[in-house]
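Novice: I am attaching a structure below and will ask some questions about it afterwards.
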Amino acid sequence: MCTTCGCGSDGARIEGSAHGHHHHHDHDHGDHNRTLQLELDILAKNNAYASENRSFFADRGVLALNLVSSPGSGKTALLVKTIELLGGRLQSFVIEGDQQTTNDADRIRATGAPAVQINTGKGCHLDAHTVGHALETLAPVEGSVVFIENVGNLVCPAAFDLGEAHKVAILSVTEGEDKPLKYPDMFAASDLVLLNKTDLLPHLDFDIAATVANARKVNPQIKVLQVSARTGGGMDSWIAWLMAARGMVLAGHPLGTAAE
Amino acid sequence: MHEMSICESILDLIKEQARAQDFSGVRRISLEIGPLAGVEIEALKFGFDVVMRNSLAEGAALDIIETEVRATCLDCGTEASIEERFDPCPNCGSHNLKVTSGDELRIKELEVN
């Protein structure tokens, strides 16, 4: 899947190249300066790899979700609980992104779900190229769900499409209500917020209505579900959302008529 | 936070262009960057000099054209320029805005030789 992407010379043109020298500058042209009008998208390469990943998922009827959050929001615990609840209904595969360690992939593998860990080293986000290679190793089966647990970072992963169907932002109630305003790009890029650790609400002054209002200021379409990975509270709505998203993936896919 | 890798992507694109359009040096690079591109311009300038060192673009001047955020209000239809994603519609105060531009991250022009 690591093929040469399409960015580059398409759409580029050389202004005045037919003349061998250039007319639009007022400085000395002894060394044949010329100006290229390019309009090249700097993220084009990532986006091309993301498209390949998207085709990979579509061909196999796989639902891919990109889980994004700050460090410590409870992403991995939520994922472990989700995989347990999906049980025999839907097979789960996981790509784990962290700067270092295989701790998270180990936690996922303990549930029986296949997991591949990507260590980004100095990198602050997963990119579509790395995820494409992880998919070769992970080899998700047809009709399954692939969870991509991104690096805990609410900034950079917003800009990098991985080919997922949806970005799901996880925000825990121990964080601030204004997080969607502080990190608007991520909440603008996400379709769903899982408000996690709601079992802690009795001990906190967290204002759920204010959080939802802030998220909607940034993204009027965003949905918010309250969950607790620890107690399982609200997890049924999340599973229902996930199965509906899967239904959308399977619509028009050959598996769509065979499944369920 | 990923300005360094953005600079590396820029250098990759320049190298591809150098092969396709036959040039060996870059004198000036014009980038178009929107406020919503998630790029800190000062960090990008710093990373730029470091990444371009010992390349065909070493010492190239960096011009940055900052674009504005444009949005359409889905309630009253106003098209306006806003500062942040969470700004209200300047006409009716609604937050039901669709951002139409402002996340540009492009190489607009290269001056080469």
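Heads up: the protein sequence lines correspond to chains A and B, in order.
Counted from 1, the first sequence has number 459 at position 243 by this note's numbering; the numbering is strictly sequential.
Counted from 1, the second sequence has number 142 at position 113 by this note's numbering; the numbering is strictly sequential.
For every residue, glycine included, the Cβ atom is placed at its ideal position computed from N, Cα and C.
I'd like to check one pair, residue 276 (chain A) with residue 361 (chain A): are the Cβ atoms closer than 8 Å?
Specialist: Position 145 of the first sequence, counted from the first residue, corresponds to residue 361 (chain A). Position 60 of the first sequence, counted from the first residue, corresponds to residue 276 (chain A). Their beta carbons are not under 8 Å apart, which means residue 361 (chain A) does not touch residue 276 (chain A) by this criterion.
Novice: What is the residue span of the alpha helix (DSSP H) that residue 401 (chain A) lies within?
Specialist: Here residue 401 (chain A) refers to the residue found at position 185 of the first sequence. Its alpha helix (DSSP H) spans residues 400–405.
Novice: Would you say residue 249 (chain A) lies against chain B (beta-carbon separation less than 8 Å)?
Specialist: Start at 1 with the first residue of the first sequence, and residue 249 (chain A) comes out as number 33. Yes, residue 249 (chain A) counts as interfacial toward chain B.
Novice: Any beta-carbon of chain A closer than 8 Å to the one on residue 40 (chain B)?
Specialist: As a first step, residue 40 (chain B) must be located in the second sequence, where it is residue number 11. Chain A contact via Cβ: absent.
Novice: Let me see if you follow: with CB-CB separation under 8 Å, is residue 364 (chain A) close to chain B or not?
Specialist: Numbered from its first residue, the first sequence carries residue 364 (chain A) at position 148. So no, residue 364 (chain A) is outside the interface.
Novice: Going by DSSP, name the residue or residues bridged to residue 269 (chain A).
Specialist: Along the first sequence, read from residue 1 onward, the residue named residue 269 (chain A) stands at position 53. For residue 269 (chain A), which the question treats as bridged, DSSP gives no partner whatsoever.
Novice: Within the continuous alpha helix (DSSP H) that includes residue 453 (chain A), where are the two ends?
Specialist: Along the first sequence, read from residue 1 onward, the residue named residue 453 (chain A) stands at position 237. Segment 451–466, the alpha helix (DSSP H) holding residue 453 (chain A).
Novice: By how many angstroms is the C-alpha of residue 401 (chain A) removed from the C-alpha of residue 374 (chain A)?
Specialist: Counting from 1 along the first sequence, the entry for residue 374 (chain A) is found at position 158. Counting from 1 along the first sequence, the entry for residue 401 (chain A) is found at position 185. Whole-angstrom Cα-Cα distance: 6 Å.
Novice: Using a Cβ-Cβ cut-off of less than 7 Å, list which residues of the segment 383–412 of chain A approach chain B; keep chain order.
Specialist: So the list reads 397, 400, 401, 404, given in the order they occur along the chain.
Novice: Quick check: what's the CA-CA separation for residue 408 (chain A) versus residue 86 (chain B)?
Specialist: The sequence position of residue 408 (chain A) within the first sequence is 192, counting from 1. The sequence position of residue 86 (chain B) within the second sequence is 57, counting from 1. Cα to Cα, the separation comes out at about 42 Å.
Novice: Going by DSSP, which residues form a beta bridge with residue 135 (chain B)?
Specialist: By 1-based counting over the second sequence, the position of residue 135 (chain B) is 106. Paired residue(s): A:257, B:61.
Novice: From residue 129 (chain B) to residue 101 (chain B), what does the alpha carbon distance come to, in whole angstroms?
Specialist: Working through the second sequence from its first residue, we reach residue 129 (chain B) at position 100. Working through the second sequence from its first residue, we reach residue 101 (chain B) at position 72. Cα-Cα distance, rounded: 7 Å.
Novice: Could you check how far apart the C-beta atoms of residue 364 (chain A) and residue 280 (chain A) are, in whole angstroms? I think they sit under 8 Å.
Specialist: Residue numbering aside, residue 364 (chain A) sits at position 148 when the first sequence is read from its first letter. Residue numbering aside, residue 280 (chain A) sits at position 64 when the first sequence is read from its first letter. Yes, they are in contact, since the Cβ atoms of residue 364 (chain A) and residue 280 (chain A) sit about 7 Å apart, within 8 Å.
Novice: Would you report the Cα separation of residue 111 (chain B) and residue 117 (chain B), rounded to the nearest angstrom?
Specialist: Stepping through the second sequence from its first residue, residue 111 (chain B) is reached at position 82. Stepping through the second sequence from its first residue, residue 117 (chain B) is reached at position 88. Computed Cα separation, rounded: 8 Å.
Novice: When you compare the CB positions of residue 67 (chain B) and residue 98 (chain B), do they come within less than 8 Å of one another, or not?
Specialist: As a working note, residue 67 (chain B) is residue 38 in the second sequence. As a working note, residue 98 (chain B) is residue 69 in the second sequence. Result no, Cβ atoms of residue 67 (chain B) and residue 98 (chain B) do not sit closer than 8 Å.
Novice: Does the beta-carbon distance from residue 367 (chain A) to residue 342 (chain A) come in below 8 Å?
Specialist: Counting from 1 along the first sequence, the entry for residue 367 (chain A) is found at position 151. Counting from 1 along the first sequence, the entry for residue 342 (chain A) is found at position 126. Yes; because the gap between Cβ atoms is below 8 Å, this pair is in contact.
Novice: Just confirm the distance between the C-beta atoms of residue 59 (chain B) and residue 94 (chain B), as a whole number of angstroms; I'd bet it's less than 8 Å.
Specialist: As a position in the second sequence, residue 59 (chain B) is number 30, starting the count at 1. As a position in the second sequence, residue 94 (chain B) is number 65, starting the count at 1. Indeed they touch by this definition, with Cβ atoms about 6 Å apart.
Novice: What does residue 282 (chain A) pair with, by DSSP beta-bridge criteria?
Specialist: Residue 282 (chain A) sits at position 66 when you count from the first residue of the first sequence. Partner(s): A:364, A:383.
Novice: Three or more beta-carbon pairs under 8 Å between the segment 328–342 of chain A and the segment 261–268 of chain A, yes or no?
Specialist: Flag = no, the segment 328–342 of chain A and the segment 261–268 of chain A do not touch.
Novice: Determine whether the Cβ of residue 261 (chain A) lies closer than 8 Å to any Cβ atom of chain B.
Specialist: Within the first sequence, residue 261 (chain A) is the residue found at index 45, counting from 1. At least one chain B Cβ lies under 8 Å of residue 261 (chain A).
Novice: Since residue 248 (chain A) and residue 142 (chain B) are thought to touch, with beta carbons under 8 Å apart, how far apart are those beta carbons, to the nearest angstrom?
Specialist: Locating residue 248 (chain A) in the first sequence gives position 32, counting from the first residue. Locating residue 142 (chain B) in the second sequence gives position 113, counting from the first residue. Indeed, because the Cβ distance is near 6 Å, the residues count as touching under 8 Å.
Novice: Here's the rule: buried if 16 or more other CB atoms are within 10 angstroms of the residue's CB, otherwise exposed. What is residue 218 (chain A)?
Specialist: Residue numbering aside, residue 218 (chain A) sits at position 2 when the first sequence is read from its first letter. Below a pLDDT of 50, predicted positions are generally treated as unreliable, and residue 218 (chain A), at 32, falls in that range; no measurement from the model is reported.
Novice: Is there a Cβ from chain B that is less than 8 Å from the Cβ of residue 377 (chain A)?
Specialist: Sequence index remark: in the first sequence, residue 377 (chain A) carries index 161 (1-based). No, residue 377 (chain A) does not count as interfacial toward chain B.
Novice: Should residue 292 (chain A) go down as buried or exposed, given a rule of 16 or more other Cβ atoms within 10 Å for buried?
Specialist: The residue given as residue 292 (chain A) occupies position 76 in the first sequence. With 16 or more other Cβ atoms within 10 Å, it is buried.
Novice: Can you tell me whether residue 424 (chain A) is helix, strand or coil according to DSSP?
Specialist: Residue mapping note: residue 424 (chain A) aligns to position 208 of the first sequence, counting from 1. In the structure shown, residue 424 (chain A) sits in a helix (DSSP, three-state: H, G or I).
Novice: Roughly how many whole angstroms lie between the Cα atoms of residue 392 (chain A) and residue 289 (chain A)?
Specialist: Residue 392 (chain A) sits at position 176 when you count from the first residue of the first sequence. Residue 289 (chain A) sits at position 73 when you count from the first residue of the first sequence. Cα to Cα, residue 392 (chain A) sits roughly 12 Å from residue 289 (chain A).
Novice: Can you tell me whether residue 21 (chain B) is helix, strand or coil according to DSSP?
Specialist: The structure shown does not extend to residue 21 (chain B), since chain B is modelled only from 30 through 142, so no value can be given for it.
Novice: State yes or no: is the C-beta of residue 255 (chain A) within less than 8 Å of the C-beta of residue 135 (chain B)?
Specialist: Counting from 1 along the first sequence, the entry for residue 255 (chain A) is found at position 39. Counting from 1 along the second sequence, the entry for residue 135 (chain B) is found at position 106. Yes, Cβ-Cβ distance for residue 255 (chain A) and residue 135 (chain B) is below 8 Å.
Novice: Give a yes or no on whether the C-beta atoms belonging to residue 450 (chain A) and residue 458 (chain A) are separated by under 8 Å.
Specialist: What you label residue 450 (chain A) is simply residue 234 of the first sequence in a count that begins at 1. What you label residue 458 (chain A) is simply residue 242 of the first sequence in a count that begins at 1. No. Outside cutoff.
Novice: Nearest to residue 257 (chain A) by alpha carbon, out of B:103, B:51, B:108, B:36?
Specialist: Taking the first sequence and counting its residues from 1, the one referred to as residue 257 (chain A) is at position 41. Nearest option by C-alpha distance: B:36.
Novice: I'd like to know whether the C-beta of residue 134 (chain B) is nearer than 8 Å to at least one C-beta of chain A.
Specialist: Here the question's residue 134 (chain B) lines up with position 105 in the second sequence. Taking Cβ atoms only, chain A reaches closer than 8 Å to residue 134 (chain B), which makes this a yes.
Novice: Cβ atoms of residue 283 (chain A) and residue 357 (chain A): under 8 Å apart, would you say?
Specialist: Along the first sequence, one-based indexing puts residue 357 (chain A) at 141. Along the first sequence, one-based indexing puts residue 283 (chain A) at 67. Their beta carbons are not under 8 Å apart, which means residue 357 (chain A) does not touch residue 283 (chain A) by this criterion.
Novice: Taking residue 421 (chain A) as the reference, give the member of A:403, A:396, A:389, A:444 with the closest Cα.
Specialist: Translated into the one-based positions of the first sequence, residue 421 (chain A) becomes position 205. The shortest C-alpha separation from residue 421 (chain A) is found at A:389.
Novice: Would you tell me roughly how many angstroms separate the C-alpha atoms of residue 454 (chain A) and residue 316 (chain A), rounded to the nearest one?
Specialist: Within the first sequence, the letter at position 238 stands for residue 454 (chain A). Within the first sequence, the letter at position 100 stands for residue 316 (chain A). If you take the alpha carbons of residue 454 (chain A) and residue 316 (chain A), they lie about 29 Å apart.
Novice: Grab me the residues of residue 394 (chain A)'s own chain with a C-beta within less than 7 Å of its C-beta, minus the 5 sequence neighbours each way, in chain order.
Specialist: Position 178 of the first sequence, counted from the start, is the residue given in the question as residue 394 (chain A). Cβ within range, chain order: 430.
Novice: Residues of chain A with CB closer than 9 Å to the CB of residue 137 (chain B), please, in chain order.
Specialist: If you number the second sequence from 1, residue 137 (chain B) lands on position 108. Chain A residues near residue 137 (chain B): 253, 254, 255, 256.
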